[in-house]
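Asker:
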Amino acid sequence: MADSKYADLPGIAYDQPDVYETEDLPEADQNQDIQEEENEFIEKPNLNVDSAFGKFRGKILFSDRVDFSDKLSRHPRTGYDAVSVEYEVVGRGEKETPIQKFQRLQCEITELTEEINQLKGSAKEDNQAVPSVTNVQGLSQQLTELRLEEQLGSELVASLADPQGAELRKLLTQIELSKSTDKAGGKMAGGDSKRLDNSSYELHFRPEQMKLQQTARVAQLEQRLHALETAVGDVPNKMSRLSTDTNNMSLSAAVQFLSRKATLLDSAQLDHIEGRLTALSTKMNQLVEQSSASKEENEQDKKVSEMYDLIVKCEQLTAALPEIANRLAAVHSLHEQALTFSKALAQLSALQEQITASLNGNESQLKEAQKAFSQNMDVVKKSMEGLDARIASLKKK
């Protein structure tokens, strides 16, 4: 029952049910089942993961200067700019260490092997200009047989990789050794005690040389800053390379990130990564094939379930099937008589239509005869009247 205070308000329908409207759910909570339309005119290409990975491998996408809007400005609208990056073992102007040279040769031989394999399958290239694969494999075998760590030792390899660090570690070792001898009170036996007692350290300090070294360090620092500014600069494209993966952090964080990336360029790790990527691509292809096969299996399961539901619905009628069959056999003769009667009735209706058509034709002919007879009677009457008039005129004469 409606409230009395709303009795005199306009626009209220008392003879209709009340309707309450609520707000729509958020887009994330809405149940939107988008069914894909099955159409023979819609092509569904099968993407190859290996070819897509090879096409976009080593590419970087810059999105800082991307603008797809239609607003007016002095600068033209630009889209995405994808470039490739080549990582080098040593920076420009730096001297290679033996370890770095060894790693560079390994990378170059690997690249040369890949290029030879590519040129080997091409029929357009000259076979004489391409070196043999055996020579390249021999060079790679020579590098692997060097085994720098086994021949030179891990300490010497570490010192070659970082000479300054090796000298610093050597000096720190000597200082720690001298401290330990001082604490022991000189209670060391043999030639070691004599050798340590005879060792002495002198510190010579020259203010001019200190200032010169400080000035040299400042000049070296300025040179490094100038090289850093030249390499990075204020170009957004160059800065985006460093700030994309480091979330706009400092240059040291970017250098650490690049060093972690550079460690992935090791040949052993590259082989491991390549194997994992190959396995991943194989699994992706298998998943694509399984998804295409699962669709067909789902359609077959759907049809089987529909047939099963139909059989379950018709299972209750199986008990009445014998009675229905007997009833159909009993009324078979009645059905035949009804069929004969229907045929006779159809023939009778056709004959009646023929008789009706003939009667209509006779009736039209009768009307035409009556019309002709009436016309002839009028002609005869006119002739008789003319004859009577002539007879009367003859009698008068």
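The letter at position 365 of the sequence shown is residue 365 when you use UniProt numbering, and the numbering goes up by one with no holes.
Here a beta-carbon is modelled for each residue, glycine too, at the ideal position from N, C-alpha and C.
Being a predicted model, the structure only gives us computed values, none of them experimental.
#1: Below 9 Å between beta carbons: does that hold for Thr110 and Ser63?
#2: Where does the unbroken alpha helix (DSSP H) through Val380 begin, and where does it stop?
#3: Does the stretch 11–29 come into contact with the stretch 251–264, if we say contact requires no fewer than three beta-carbon pairs (one atom in each stretch) closer than 8 Å?
#4: Please report the straight-line C-alpha distance between Pro10 and Pro17, rounded to a whole angstrom.
#5: Measuring straight from C-alpha to C-alpha, what distance separates Pro322 and Ile311?
#6: Pop quiz: Ser281 and Val49 are said to be a contact at Cβ under 8 Å. What is the actual Cβ separation, rounded to whole angstroms?
#7: Less than 9 Å between the beta carbons of Leu228 and Leu251, yes or no?
#8: Are there 16 or more other CB atoms within 10 angstroms of the CB of Gln347, so buried, or fewer, so exposed?
#9: Keeping to the same chain, check which residues put their C-beta closer than 6 Å to that of Lys179; ignore five residues upstream and five downstream.
#10: According to the Cβ coordinates, are Gln142 and Thr113 closer than 9 Å?
#11: I need the DSSP call for Glu299, collapsed to helix, strand or coil.
#12: Mapping the DSSP letters down to three states, classify Asn285 as helix, strand or coil.
#13: Excluding the 5 residues flanking Met1 on each side, which residues of the same chain have their C-beta closer than 8 Å to its C-beta?
#14: So for Asp50, helix, strand or coil by DSSP?
#15: Do Glu96 and Arg104 have their C-beta atoms closer together than 9 Å?
#16: Specify the secondary structure class of Leu277 as computed by DSSP and reduced to three states.
#17: Could you tell me whether the Cβ atoms of Asn46 and Val255 are closer together than 9 Å?
#18: Hey, how far is the Cα of Leu334 from the Cα of Ser349?
#19: Consult DSSP for Gly138 and reduce its assignment to one of helix, strand or coil.
#20: Is Lys95 helix, strand or coil when you go by DSSP?
Answerer: Concretely, from the data shown:
#1: For the purposes of this step, residue 110 is identified with residue 110 of the sequence shown, where counting begins at 1. For the purposes of this step, residue 63 is identified with residue 63 of the sequence shown, where counting begins at 1. Going by C-beta atoms, Thr110 is not nearer than 9 Å to Ser63.
#2: Here residue 380 refers to the residue found at position 380 when the sequence shown is read from its first residue. Residues His332 to Lys396.
#3: They do not touch, by the three-pair rule.
#4: Sequence index remark: in the sequence shown, residue 10 carries index 10 (1-based). Sequence index remark: in the sequence shown, residue 17 carries index 17 (1-based). Using only the alpha carbons, I get a separation of about 17 Å.
#5: Working through the sequence shown from its first residue, we reach residue 322 at position 322. Working through the sequence shown from its first residue, we reach residue 311 at position 311. Distance between the alpha carbons of Pro322 and Ile311 is about 18 Å.
#6: Locating residue 281 in the sequence shown gives position 281, where the first residue counts as 1. Locating residue 49 in the sequence shown gives position 49, where the first residue counts as 1. Indeed they touch by this definition, with Cβ atoms about 5 Å apart.
#7: Reading the sequence shown from its first residue, position 228 is the one you call residue 228. Reading the sequence shown from its first residue, position 251 is the one you call residue 251. A contact, by the Cβ cut-off of 9 Å.
#8: As a working note, residue 347 is residue 347 in the sequence shown. By the neighbour-count rule (16 or more Cβ atoms within 10 Å), Gln347 is not buried but exposed.
#9: The residue given as residue 179 occupies position 179 in the sequence shown. Result list for Lys179: empty, nothing under 6 Å.
#10: Here the question's residue 142 lines up with position 142 in the sequence shown. Here the question's residue 113 lines up with position 113 in the sequence shown. Not closer than 9 Å, so no.
#11: Numbered from 1 along the sequence shown, position 299 holds the residue referred to as residue 299. Looking at Glu299 - three-state DSSP - the assignment turns out to be helix.
#12: Along the sequence shown, read from residue 1 onward, the residue named residue 285 stands at position 285. Here Asn285 sits in helix by DSSP.
#13: As a position in the sequence shown, residue 1 is number 1, starting the count at 1. In this predicted model, Met1 has a pLDDT of only 47, less than 50, meaning its place in the structure is not dependable enough to derive any value.
#14: Here residue 50 refers to the residue found at position 50 when the sequence shown is read from its first residue. The answer is helix: DSSP assigns Asp50 an H, G or I state.
#15: On the sequence shown, position 96 is the one that residue 96 refers to. On the sequence shown, position 104 is the one that residue 104 refers to. Yes. Within cutoff.
#16: The residue you call residue 277 lines up with position 277 of the sequence shown. The answer is helix: DSSP assigns Leu277 an H, G or I state.
#17: As a first step, residue 46 is located in the sequence shown; it is residue number 46 there, counting from the start. As a first step, residue 255 is located in the sequence shown; it is residue number 255 there, counting from the start. Not in contact: Asn46 and Val255 (Cβ atoms no closer than 9 Å).
#18: Counting from one through the sequence shown, the residue named residue 334 turns up at place 334. Counting from one through the sequence shown, the residue named residue 349 turns up at place 349. Here the C-alpha atom of Leu334 lies approximately 22 Å from the C-alpha atom of Ser349.
#19: Position 138 of the sequence shown, counted from the start, is the residue given in the question as residue 138. Helix.
#20: Against the sequence shown, residue 95 aligns to sequence position 95. Coil, per DSSP.
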